[in-house]
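Just below is one structure, and these are the notes that go with it.
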Amino acid sequence: MSILEVQNIQKSFGSIEVLRDISFSMKKGQVVSIIGSSGSGKTTLLRCLNFLERPDGGRIVVNGETLFDAADPATQREREVRRKRLRFGLVFQSFNLFPQYTALKNVMLACELLARERPDYRANRRAIQAQIEAEARTLLDKVGLANRMQNYPWQLSGGQQQRVAIARALALKPDILCFDEPTSALDPELTGEVLRVIRSLKSDDRTMIIVTHEMAFARDVSDHIIFMDGGVIVEQGNPYNIINNPREERTIQFLSRYQTQQES
Amino acid sequence: MQLFLEQFPIVVRSLNVGFMQTLKLFCVTLIGALPLGLVIAFGSMSKVKPLSIFTRIIVWIVRGSPLMIQLLIIFYFPGIVLHKTVWGGGEAGRFAAASTAFIINYACYFSEIYRGGIQSVPVGQEEAGLVLGMTKPQIFFHVKLSQVIKRIVPPMSNEIITLVKDTSLARIIALQEIIWAGQAFMKSSQGISGAIWPLFFTGVYYLACNGLLTLLFGWVERKLGYYKV
Ligand SMILES: Nc1ncnc2c1ncn2[C@@H]1O[C@H](COP(=O)(O)OP(=O)(O)OP(=O)(O)O)[C@@H](O)[C@H]1O
Ligand SMILES: [Mg+2]
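Those protein sequence lines, which keep their order, are chains A and B.
Just so we're aligned, residue 13 is where the first sequence starts under our numbering, counting upward by one.
Just so we're aligned, residue 449 is where the second sequence starts under our numbering, counting upward by one.
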């Protein structure tokens, strides 16, 4: 069964149709990359999945549960949005770490706040807190920041900040982790460390959707690539076919820009 | 010199009494205006258009006209125009009227500072919180509030230091604050007459008070200086 099914998602801002009839599905443990030129709607799609935007049409189904159906108001209740959001994680292009907290606290905060809603929170407060901290430390260790836990975001490089953001998203154990151009705000020499972390997540069988402009990375890490242009999916399929043997004229044009960039 | 030494204790005793009234007005204004300003700030940022427009017009009027006029209107309007006694007689009535005028005036100034502080927090902070499953109140208290405070401490400290000096405007409705107390010696009071130095000497009280506040705000700024926004 698919872990995620996106069916006919449609989204307009005013009179501009930004997403038109977007459909795809993915299985547990798969990595899907979304590529496409600026303004093609990639960020908007991820924001729809994370309930930061409400689609005007279509359905979002996770593990067989319909989280959103534009035709069914019962799936759009405001107070259920928060729980549904937790199915997805989102790593932003600009990190968006909380500047007043250490790396460790950035990773722990949301878990601590969620834990307060547990019925046994009062009784087991200490133990719960200790467990949250232990998990956060494990995650930061995993992204290679064991010696940076007590640093504040301003004391970290962009690459380190983005790795904290990844650990922070993982802490809530989302079913599907989304990345919106995770390396676009980084100096070229810092992209490698972030891409390495994402690769390591793939070997842990994490289900991920990655919006990226790193074509070689997308080809190597993905099970499936989606090429978007003008709010529609122009072409999707196996990474090698899309990157090395695109069929559609628009895909060929888009990719040729990257080939010439890499050669020059 | 002999005369000055004789006058000094009398003057200081009298100025201290006036200064207590000044301090009281200062504290009451802060206690009222700090929270009221936050309410006004949320009003002016409300998505309910009529509410936000109404609030912004009030803020514009209050900030755009002299505090002295507001004091006079609030003190005299009920009695002269409505023929009603709202403030009661005597010093207590004058204090109530002055506090009301100061609280309204300063709440409007504070609200603009709050609004600037709240709106300067990048949307990415709220979105990061939402995606992590936080509620809006949690995002406000655990993510935004500290960043807002950090940003508003410098403009707030300016405004609060101005408030210390503005309390002297209450002299216009004869509130017996420190300027009133100092001025009394120019005419005649407690056997001292024609003395102008007590009025100048009130400046020392304002300087001391603002010196302390400057130290306090410097300390708060350093406290929040451990991170950058
Ligand atoms: N909140 C909004 N209001 C109005 N228009 C918007 C809004 N957000 C996005 N758009 C428009 O939607 C289109 C798609 O934007 P989106 O950010 O999804 O593109 P993208 O593929 O992520 O581009 P990039 O590669 O530059 O990040 C753009 O034309 C953009 O101007
Ligand atoms: Mg984008």
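Note that the Cβ used here is the ideal one computed from N, Cα and C, for glycine as well.
This one's a predicted model, so the numbers in the text were calculated from it and none came from an experiment.
Relative to the C-alpha of VAL476 of chain B, which residue among B:THR662, B:THR548 and B:GLU575 is closest? Closest option to VAL476 of chain B, Cα to Cα, is B:THR548.
Distance, Cα to Cα, GLN174 of chain A vs GLN573 of chain B? Whole-angstrom Cα-Cα distance: 14 Å.
SER616 of chain B by DSSP, collapsed to three states: which one? Three-state DSSP puts SER616 of chain B in a helix.
So, is PHE100 of chain A buried or exposed, given that buried needs 16 or more other C-beta atoms within 10 angstroms? Its Cβ being crowded by 16 or more others within 10 Å, PHE100 of chain A is buried.
Are the beta-carbon atoms belonging to ALA83 of chain A and VAL119 of chain A less than 7 Å from one another? Not closer than 7 Å, so no.
Since PHE36 of chain A meets chain B, which of its residues come closer than 8 Å, beta carbon to beta carbon? Residues of chain B passing the Cβ test: none, with the nearest at roughly 21 Å.
Sequence-distant residues of its chain with Cβ nearer than 7 Å to SER492 of chain B (five each side left out): Correct list, in chain order: SER500, THR503, ARG504, VAL507, SER559 and ARG563.
Chain-order list of residues whose beta-carbon lies under 7 Å from that of ASN658 of chain B (same chain, five-residue window excluded): If you ignore the 5 residues before and after ASN658 of chain B, its C-beta comes within less than 7 Å of the C-beta of ILE609 and VAL612, all in its own chain and listed in chain order.
is_contact[ASN118 of chain A, chain B] using C-beta, thresh 7 Å: Chain B, which has no Cβ nearer than 7 Å to the Cβ of ASN118 of chain A, makes this no.
Minimum length 3: unbroken beta strand (DSSP E) runs contained in the segment 207-239 of chain A: Runs found: 219-223.
Taking 6 Å as the cut-off, is the C-beta of LYS54 of chain A nearer than that to any heavy atom in ligand 2? Between ligand 2 and the CB of LYS54 of chain A, the shortest heavy atom gap is smaller than 6 Å.
For a cutoff of 7 Å on Cβ pairs, would you count SER276 of chain A as touching chain B? With a pLDDT of 43 at SER276 of chain A, under the threshold of 50, the predicted position of this residue should be treated as unreliable, and no value is reported.
Cutoff 8 Å; reference GLU122 of chain A; Cβ partners in own chain excluding five residues on either side: According to the sequence provided, residue 122 of chain A is Ala. The question's Glu does not apply to it. These residues qualify, in order along the chain: ARG180, ALA183 and LEU184.
Checking contacts by CB at 7 Å: is ALA127 of chain A closer than that to chain E? Among the protein chains of the structure shown, namely A and B, there is no chain E.
Our contact map puts GLY577 of chain B next to ILE566 of chain B with C-beta atoms below 8 Å; I'd like the distance itself, whole angstroms only. Rounded, the Cβ-Cβ distance is 14 Å, inconsistent with contact.
So is the beta-carbon of PHE104 of chain A under 6 Å away from any non-hydrogen atom of ligand 1? No, ligand 1 has no heavy atom inside 6 Å of this Cβ.
Residues of the segment 589-612 of chain B in Cβ contact with chain A at a cutoff of 9 Å, in chain order, please. Residues of the segment 589-612 of chain B that bring their beta carbon within less than 9 Å of a beta carbon in chain A comprise HIS590, VAL591, SER594, GLN595 and LYS598, in sequence order.
Length of the line joining the Cα atoms of VAL579 of chain B and PHE107 of chain A: VAL579 of chain B and PHE107 of chain A: Cα-Cα distance of roughly 13 Å.
Between SER45 of chain A and chain B, is there a C-beta pair that is closer than 7 Å? Chain B, which has no Cβ nearer than 7 Å to the Cβ of SER45 of chain A, makes this no.
Under 8 Å, CB to CB, which of the residues in the segment 551-578 of chain B have a partner in chain A? Going along the segment 551-578 of chain B in chain order, one finds PRO570, GLY572, GLN573, GLU575, ALA576, GLY577 and LEU578 with a Cβ nearer than 8 Å to chain A.
Cross-chain neighbours of LYS495 of chain B in chain A, by beta carbon under 9 Å: Neighbours of LYS495 of chain B on chain A: none; closest Cβ ~14 Å, over 9 Å.
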